[in-house]
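Last residue of the sequence shown: 350 (this note's numbering), numbering continuous. Here a beta-carbon is modelled for each residue, glycine too, at the ideal position from N, C-alpha and C.
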Amino acid sequence: MNKLPKYKGFNLLGLFVPNMSYGFFEDDFKWMEEWGFNFARIPMNYRNWYVEGRPEIKEEVLEMIDKVVVWGQKYGIHICLNIHGAPGYCVNEKTKQGYNLWKDEEPFELFVSYWQTFAKRYKGISSKHLSFNLINEPRQFSEEEMTKEDFIRVMTYTVEKIREIDKERLIIIDGVDYGNEPVFELTNLGVAQSCRAYIPFELTHYKAEWVEGSDKFTKPSWPLVRENGEVVDREYLKRHYEKWAKLISLGVGVICGEGGAYKYTSHDVVLRWLSDVLDVLKEFGIGIALWNLRGPFGIIDSERKDVEYEDFYGHKLDRKLLELLMRF
């Protein structure tokens, strides 16, 4: 049985874009509660608080996060803080020479100091209400960027430094290979792990501008048949998540911290694919947070061309996608 509750919710992106902290909206939390959701992941980029030569986090950013934590408790939404863009590592960027979170001292020390700051500030807030998801989507192991030993060392040390301040905090570590592979070597660390729902990638990231070559992907279908004849269907998804179920059987909590499909995949395909994803996750007792609430993966203002939107307080609401998630 999964040690984590069956969370369901969304990623909220008010601190996600570097150097653009547009903040958060209380209405989002109110609506999530009304719809029956209980989880919000907050992916953050450190450039929104970093000042050259200073290790501290800007107070105005901390106050922004304070509001999110308060709203989470007010509306019964578990808040999961995540550093998406860290010193020396971001899934959307190549690691700069000499400034690598996994191998270099300066970014590593900054990264740990940020988590210590959060640990001090939010000590005393129950893990029922707040968790720390250390780093978003580490890539595959490699000698050049991050070996398995590098990953285990950085994650283990960071956990230890958080627990020196707050030994009760729920800590979540993303799987490697972009959140697709669990790390069984960390089962004794007493942390949860996080997977993803972006399989098949050709479906979820069709024509995604930040993914090189995605405009050349074949128009997605579900089930999907790859050029080599491989069939990606519900059974394929089940086989993928079985390794995460194995992690659960070893006493490790698991959540799917991100999932969803970009706006250019046809809505009908998205709904059928996501229905199978949710069925499989439900079978294994794994919760999910859609990327995102507002925007091109989400249920509000997604800019899809093939959706009959419902007017919702001046926004465009994708009722079919919402109801599918509500049934999870």
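Mind pulling the alpha helix (DSSP H) runs of 4 or more residues that sit fully within the stretch 59-111?
-> With a minimum length of 4 residues, the continuous alpha helix (DSSP H) runs that stay inside the stretch 59-111 are 81-97.
* Asked: When DSSP labels each residue in this structure, what does S135 get in the three-state scheme?
  -> helix
Using a 10 Å radius around the Cβ and a threshold of 16 neighbouring Cβ atoms, would you call D172 buried or exposed?
buried
For this session: Tell me whether D237 sits in a helix, a strand or coil according to DSSP, three-state version.
Result: helix
Using 7 Å as the threshold, is the C-beta distance between N70 and W313 below it? no
Look at the Cβ atom of C217, then the Cβ atom of W137, and state whether they are nearer than 7 Å.
In this structure, the beta-carbon distance from C217 to W137 does not fall below 7 Å.
- When the distance is taken between beta carbons, is N158 closer than 7 Å to N104? yes
Next on the checklist: Would V90 and I101 qualify as a contact pair, given that the criterion is a beta-carbon distance under 7 Å?
Outcome noted: Yes, they are a contact pair.
Excluding the 5 residues flanking D188 on each side, which residues of the same chain have their C-beta closer than 6 Å to its C-beta?
If we look at D188 and ignore the five residues flanking it on each side, its Cβ neighbours are A141, K145.
Whole beta strand (DSSP E) elements within the stretch 313-346, 3-residue minimum: 332-334, 337-339
By how many angstroms is the C-alpha of T180 removed from the C-alpha of L156? 8 Å
Looking at C-alpha atoms only, which residue of E345, E127, G309, W244 is the closest neighbour of R63?
-> G309
Using the Cα positions of E182 and G212, report the straight-line distance between them to the nearest angstrom.
-> Using only the alpha carbons, I get a separation of about 11 Å.
If you draw a straight line from the C-alpha of E165 to the C-alpha of M177, how long is it?
17 Å
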